[in-house]
Amino acid sequence: MPELPEVETIKKELKEIILGKKIIKVNIYTKKLKYKIPKKIKFICKETITKIKRYSKYILIKTNKNYILIHLGISGNILILNENIKKKKHDHWDFILDNNKIIRYNDIRKFGFLLLFNSKKKINKIISNLGPEPLKKNFNPKYLFKITSKKKICIHNLIMNNKFVSGIGNIYANESLFLSKIIPYRKSNTLNFNEIKKLVLNIKLILKKSLFYKGTTIRNFKNINNNYGFFQNKLKIYQKSGKKCYTCKKIIKKVKKYGRSLYFCKKCQK
DNA sequence: CACACAACCTGCGAGC
DNA sequence: TGCTCGCAGGTTGTGT
Numbered sequence: 078m079p080e081l082p083e084v085e086t087i088k089k090e091l092k093e094i095i096l097g098k099k100i101i102k103v104n105i106y107t108k109k110l111k112y113k114i115p116k117k118i119k120f121i122c123k124e125t126i127t128k129i130k131r132y133s134k135y136i137l138i139k140t141n142k143n144y145i146l147i148h149l150g151i152s153g154n155i156l157i158l159n160e161n162i163k164k165k166k167h168d169h170w171d172f173i174l175d176n177n178k179i180i181r182y183n184d185i186r187k188f189g190f191l192l193l194f195n196s197k198k199k200i201n202k203i204i205s206n207l208g209p210e211p212l213k214k215n216f217n218p219k220y221l222f223k224i225t226s227k228k229k230i231c232i233h234n235l236i237m238n239n240k241f242v243s244g245i246g247n248i249y250a251n252e253s254l255f256l257s258k259i260i261p262y263r264k265s266n267t268l269n270f271n272e273i274k275k276l277v278l279n280i281k282l283i284l285k286k287s288l289f290y291k292g293t294t295i296r297n298f299k300n301i302n303n304n305y306g307f308f309q310n311k312l313k314i315y316q317k318s319g320k321k322c323y324t325c326k327k328i329i330k331k332v333k334k335y336g337r338s339l340y341f342c343k344k345c346q347k
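Laid out in structure tokens, this is it:
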């Protein structure tokens, strides 16, 4: 469940455990995820982890020599093990650290990836294509309105695009549009400034709220069976088609657009 | 530019 | 019970 709040949570938990630690062994169980796992990843042995950051849904681990870029795709998950438990189906790689902890990557659908870079330049190239972080100040109504007013694409599609704002997935796109009373397939240039203001506010609100609930999920082996974030229970529209709207009790609808499911209440959202 | 659609991969639930 | 179908949190590339 790698949404922005989830990735942020994973990053925070990782940071506690891996910062300043040395990687003593790398196990690769799979040749290819979304991209081939670089063979030279083995070279990071004996390197020390100096930094860990999140950009959009990417996790960047910096060592004293290299940059490791991780993306969880749709089904990726990172587990922290206290001992070397036998690998299970869909476990793809491990980093073993000098504090005996093991970072293990599991990904059923293999849409995630692991890449290695030796220069900041290449990382910057990827990061520079990303729009502002939704919880930062530079993601604000003025900024978003400047974009939405010039474009004629569905607002749902626009806020899902990493170029315009980072890290919003289908769940949060749907939920924040519901809260803002905006129907997901509205053309972005038909939204007025007040609506954009509401949308920006609700995106921030919902991400913060989710971060709060996901933040309570402890991501270690004990919790491997319990990887539903608590926020799941807070959803009001996502995957609720056929059910009654939380606000007006009308039946929630769903349409497919550009390969995504949009959920909405026709009475509450305009 | 806006959009539709496919591809990458595996598992699950619905319906027959 | 077992089959097929459609669907799933993401990203990237194609063609119209």
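Under the numbering used here, the residue at position 78 of the first sequence is numbered 155, and the numbers go up by one with no gaps. We put the CB at the ideal spot given by N, CA and C, even for glycine. Source: prediction; values computed, not measured.
For Phe190, the enclosing beta strand (DSSP E) stretches over residues Phe190 to Phe194.
DSSP places Val84 within a helical segment (H, G or I) once states are collapsed to three. Taking a C-beta distance under 8 Å as the contact criterion, Leu110 and Gly189 qualify as a contact pair. Annotation for His167: no alpha helix (DSSP H) segment contains it, and DSSP assigns it neither H nor E. For Ser205, DSSP assigns no beta-bridge partner whatsoever. The Cβ-Cβ distance between Ile147 and Lys92 does not fall below 8 Å. In its chain, beyond the 5 residues on either side, Asn239 and Lys240 have a beta carbon closer than 8 Å to the beta carbon of Asn206. According to the DSSP secondary-structure assignment, Lys102 is paired through a beta bridge with Ile173. Under the three-state reduction of DSSP, Leu312 is assigned to coil, being neither helix nor strand. A distance of 8 Å or more separates the beta carbons of Phe341 and Ile283. Excluding residues up to 5 positions away in sequence, Pro79, Leu110, Lys111, Asp184, Arg186, Lys187, Phe188, Gly189 and Phe190 lie with their Cβ nearer than 8 Å to the Cβ of Gly150 in the same chain.
Tyr182 is classed as buried because its beta carbon has at least 16 other beta carbons within 10 Å across all chains shown. For Lys223, the three-state secondary structure derived from DSSP is helix. In the structure shown, the three-state DSSP call for Ser338 is strand. The C-alpha of Lys331 lies about 29 Å from the C-alpha of Tyr220. Counting the other CB atoms within 10 Å of its CB gives Lys317 a total of 16 or more, which places it among the buried residues. Asn154 counts as buried, since no fewer than 16 other beta carbons sit within 10 angstroms of its beta carbon. Counting of Cβ neighbours within 10 angstroms places Asp171 among the buried residues, the total reaching 16 or more. The secondary-structure analysis by DSSP pairs Tyr132 across a beta bridge with Tyr135.
Distance from the CA atom of Lys227 to the CA atom of Pro218, rounded to whole angstroms, is 14 Å. Secondary structure at Val277: helix, using DSSP grouped into helix, strand and coil. Annotation: Ile173 to Ile101 spans about 6 Å, alpha carbon to alpha carbon. At a Cβ-Cβ threshold of 8 Å, Glu85 and Leu312 do not count as neighbours. As the crow flies, the alpha-carbon of Leu278 is around 11 Å from that of Lys285. DSSP places Ile118 in the helix class (H, G or I) of the three-state scheme.
It is roughly 20 Å from the alpha-carbon of Tyr262 to the alpha-carbon of Ser243.
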